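Using this note's numbering, you'd call the opening residue of the sequence shown number 3 and step up by one each time.
Glycine residues also receive a C-beta, built at the ideal position from the N, C-alpha and C atoms.
Computed from a prediction, not measured in an experiment: that's the story for all the values here.
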Amino acid sequence: MKPLKTVPSSPCACVTTESVPARSASPWRDIGLGLLTLAAWFLLYSQLRPFSRFLAYDLIGLTAGSHLGASLEFFFYDTPKVLMLLVLVVYGVGVIRTFFTPEKTRKILAGRSLFAGNVLAALLGIVTPFCSCSAVPLFIGFVSAGVPLGVTFSFLISAPMVNEIALILLYGLLGWKVAGLYLATGLFVAIASGWIIGRLNMEEHIEEWVRQLRANGDQVPIELLSWTDRLARGRDAVREIVGKVWIYVVAGIAVGAGIHGYVPEGALAAIMGKGAWWSVPAAVLLGVPMYANAAGIVPVIHALLEKGAALGTVLAFMMSVIALSLPEVVILRKVLMPRLIGVFVGVVAAGILLVGYLFNLII
Numbered sequence: 003m004k005p006l007k008t009v010p011s012s013p014c015a016c017v018t019t020e021s022v023p024a025r026s027a028s029p030w031r032d033i034g035l036g037l038l039t040l041a042a043w044f045l046l047y048s049q050l051r052p053f054s055r056f057l058a059y060d061l062i063g064l065t066a067g068s069h070l071g072a073s074l075e076f077f078f079y080d081t082p083k084v085l086m087l088l089v090l091v092v093y094g095v096g097v098i099r100t101f102f103t104p105e106k107t108r109k110i111l112a113g114r115s116l117f118a119g120n121v122l123a124a125l126l127g128i129v130t131p132f133c134s135c136s137a138v139p140l141f142i143g144f145v146s147a148g149v150p151l152g153v154t155f156s157f158l159i160s161a162p163m164v165n166e167i168a169l170i171l172l173y174g175l176l177g178w179k180v181a182g183l184y185l186a187t188g189l190f191v192a193i194a195s196g197w198i199i200g201r202l203n204m205e206e207h208i209e210e211w212v213r214q215l216r217a218n219g220d221q222v223p224i225e226l227l228s229w230t231d232r233l234a235r236g237r238d239a240v241r242e243i244v245g246k247v248w249i250y251v252v253a254g255i256a257v258g259a260g261i262h263g264y265v266p267e268g269a270l271a272a273i274m275g276k277g278a279w280w281s282v283p284a285a286v287l288l289g290v291p292m293y294a295n296a297a298g299i300v301p302v303i304h305a306l307l308e309k310g311a312a313l314g315t316v317l318a319f320m321m322s323v324i325a326l327s328l329p330e331v332v333i334l335r336k337v338l339m340p341r342l343i344g345v346f347v348g349v350v351a352a353g354i355l356l357v358g359y360l361f362n363l364i365i
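In structure tokens:
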């Protein structure tokens, strides 16, 4: 058995730190199998377009250019495309995440200066596991470990908004330029919002019981992972994450397919186009109370853009849905007073508005 090392116990109820006997098998067999699987993946991916056309027009017998034909071709192409991209990227990020446990993230961020900490926290948020149920434990753990309040918020904004699912869906459906713009602006919102909240010095608006908390000295043994273990964690991530979100992917693509096939070109320009100045704030106001994840919202965004919606408007809508979901705000009420929650929502919403108007202005 590999030696164990000790780290401070995790505050996140979603992450376990129990030690498990390390695998001693050589990773070369797994690596070789992975390379063969990757080659098969690229071969299948290259055939998705002709396969979708075959299903829609040859097998089912629909007329090319018809509303139903266009919708089904869209669905038959985008569904396997997005799911295959998700499997590939989630596996890779699952391996990377074995190097960034919540305990290690807290240790990296503790004691950092405000701006440098904001930047680092936003970057770490991309590759660190995060779910709604972990918002409170992560917040408590960061504050008790001495991580500044603004830095903590940069992480809590970045982790759900700029994650691998959102990025790979945007890349697969809209291309690398849109995915890159979303990554850059999402990091900007996380960094700027955390910096502003930090400068406001609102630590007294954290609930009293959290402020009195101090990092305890308990030590929990965790194993030093081998590469065989890390590759296995990547496979586990695929089963867990893709297993949970695939239904949202299919549902989102189904809605997008309907919009693609039946909504006329340019129909949304008057409502969500650049000329409608009120479309960006309306999109943010609509998105904040909604609860959806990137897997379900990105395919709809794709279809809206095809029908004349402005890029800034739809990105503002997507960011508000993912970064300011109502369930997360309700959960954070356990540790934050209403005034700080209001500042958090207001600052992030203002950043999203700025991104929406900026994109509509320059693109």
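Contact set for residue i: own chain, Cβ-Cβ below 7 Å, skip 5 residues either direction
{"i": "glutamate 20", "result": "Any reading at glutamate 20 is ruled out, since the residue's pLDDT is 41, under 50, leaving its predicted position unreliable."}
{"i": "tryptophan 197", "result": "Leu116, Phe117, Asn120 and Gly152"}
{"i": "valine 350", "result": "Ile159, Val191, Ser195, Ala325 and Leu326"}
{"i": "glycine 348", "result": "none"}
{"i": "leucine 64", "result": "Ala58, Leu70, Gly71 and Leu74"}
Residue span of the alpha helix (DSSP H) that contains residue i, given as start and end
{"i": "alanine 41", "result": "30-48"}
{"i": "aspartate 238", "result": "229-239"}
{"i": "tryptophan 280", "result": "Careful: tryptophan 280 lies outside any alpha helix (DSSP H) and carries neither H nor E."}
{"i": "aspartate 60", "result": "Note, aspartate 60: premise wrong, no alpha helix (DSSP H); not H, not E."}
{"i": "isoleucine 159", "result": "151-163"}
{"i": "isoleucine 261", "result": "245-264"}
{"i": "asparagine 362", "result": "340-364"}
{"i": "glutamate 75", "result": "69-99"}
{"i": "lysine 179", "result": "178-201"}
{"i": "isoleucine 208", "result": "Run containing isoleucine 208: none; DSSP gives neither H nor E here."}
{"i": "alanine 66", "result": "From DSSP, alanine 66 is part of no alpha helix (DSSP H); its letter is neither H nor E."}
{"i": "valine 316", "result": "313-325"}
{"i": "leucine 122", "result": "116-129"}
Same chain only: Cβ atoms within 6 Å of residue i, ignoring 5 sequence neighbours per side
{"i": "valine 302", "result": "Gly254, Val257 and Gly258"}
{"i": "glutamate 370", "result": "There is no way to answer for residue 370, as the model of the chain reaches only from 3 to 365."}
{"i": "asparagine 362", "result": "Lys276, Ala312 and Gly314"}
{"i": "valine 290", "result": "Ser322 and Leu326"}
{"i": "valine 265", "result": "Lys309"}
{"i": "alanine 123", "result": "Leu111, Val153, Ser156 and Phe157"}
{"i": "asparagine 218", "result": "Caution applies to asparagine 218, whose pLDDT of 47 falls short of 50 and renders its modelled position unreliable; the model cannot decide the point."}
{"i": "phenylalanine 319", "result": "Ala285 and Gly289"}
{"i": "valine 240", "result": "Val89, Val92 and Tyr93"}
{"i": "threonine 100", "result": "Leu227, Arg232 and Arg235"}
{"i": "tyrosine 173", "result": "Ala181"}
{"i": "isoleucine 365", "result": "Leu313"}
{"i": "alanine 66", "result": "Tyr59"}
{"i": "leucine 126", "result": "Thr107"}
Nearest neighbour of residue i, chosen from the options [CA to CA]
{"i": "serine 156", "options": "Gly353, Arg99, Gly182 and Val357", "result": "Gly353"}
{"i": "serine 322", "options": "Leu176, Tyr184, Tyr173 and Arg55", "result": "Tyr184"}
{"i": "glutamate 368", "options": "Gly245, Arg335 and Pro266", "result": "In the structure displayed, the chain extends from 3 to 365; residue 368 sits before or after that span and is not available."}
{"i": "phenylalanine 78", "options": "Arg51, Val92, Leu342 and Gly63", "result": "Arg51"}
{"i": "proline 162", "options": "Gly245, Lys106 and Ile324", "result": "Ile324"}
{"i": "glycine 298", "options": "Ile249, Ala318 and Arg241", "result": "Ile249"}
{"i": "leucine 87", "options": "Val212, Leu307 and Ile243", "result": "Ile243"}
{"i": "leucine 61", "options": "Glu75, His69 and Gly67", "result": "Glu75"}
{"i": "methionine 212", "options": "Arg31, Ala186, Arg201 and Phe141", "result": "Just to set this straight, residue 212 is valine in the shown sequence, not methionine. Ranking the options by Cα distance to valine 212, first place goes to Phe141."}
{"i": "isoleucine 208", "options": "Arg341, Ile365 and Ser228", "result": "Arg341"}
{"i": "leucine 360", "options": "Leu328, Leu317 and Val337", "result": "Leu317"}
{"i": "alanine 305", "options": "Leu175, Arg31, Ala58 and His69", "result": "Leu175"}
{"i": "isoleucine 128", "options": "Gly177, Arg201, Trp178 and Ala186", "result": "Ala186"}
{"i": "glycine 260", "options": "Ala41, Leu40 and Ser68", "result": "Ser68"}
{"i": "glutamine 214", "options": "Trp178, Leu38 and Val337", "result": "Val337"}
For residue j and residue i, believed in contact at Cβ under 8 Å, the rounded distance
{"i": "isoleucine 199", "j": "valine 345", "result": "6 Å"}
{"i": "glutamate 166", "j": "valine 91", "result": "5 Å"}
{"i": "glycine 188", "j": "alanine 285", "result": "About 16 Å separates the two Cβ atoms, so there is no contact after all."}
{"i": "alanine 147", "j": "valine 164", "result": "Contact flag wrong, Cβ pair sits at about 23 Å."}
{"i": "arginine 108", "j": "phenylalanine 144", "result": "6 Å"}
{"i": "leucine 171", "j": "valine 252", "result": "Contact doesn't hold; Cβ gap of about 13 Å is too wide."}
8 Å Cβ shell around residue i - same chain, five flanking residues per side excluded
{"i": "alanine 72", "result": "His262 and Gly263"}
{"i": "arginine 25", "result": "Note that arginine 25 has pLDDT 48, beneath the 50 cutoff, so the model's placement of it is unreliable and the number below is only indicative. Closer than 8 Å at Cβ, skipping near neighbours: Ser228, Thr230, Asp231 and Ala234."}
{"i": "arginine 216", "result": "Confidence is the limiting factor: at arginine 216 the pLDDT is only 48, short of 50, which leaves the residue's position unreliable, though a coordinate-based value still follows. Closer than 8 Å at the Cβ level, and outside the excluded window around arginine 216, lie Ser146."}
{"i": "leucine 355", "result": "Val282, Pro283, Val286 and Ala318"}
{"i": "leucine 307", "result": "Leu176, Leu313 and Val316"}
Stretch-stretch touch, CB-based, cutoff 8 Å, three pairs: the region 39-50 with the region 65-83
yes
Okay, do the region 229-236 and the region 90-98 touch, 3+ Cβ pairs below 8 Å being the bar?
yes
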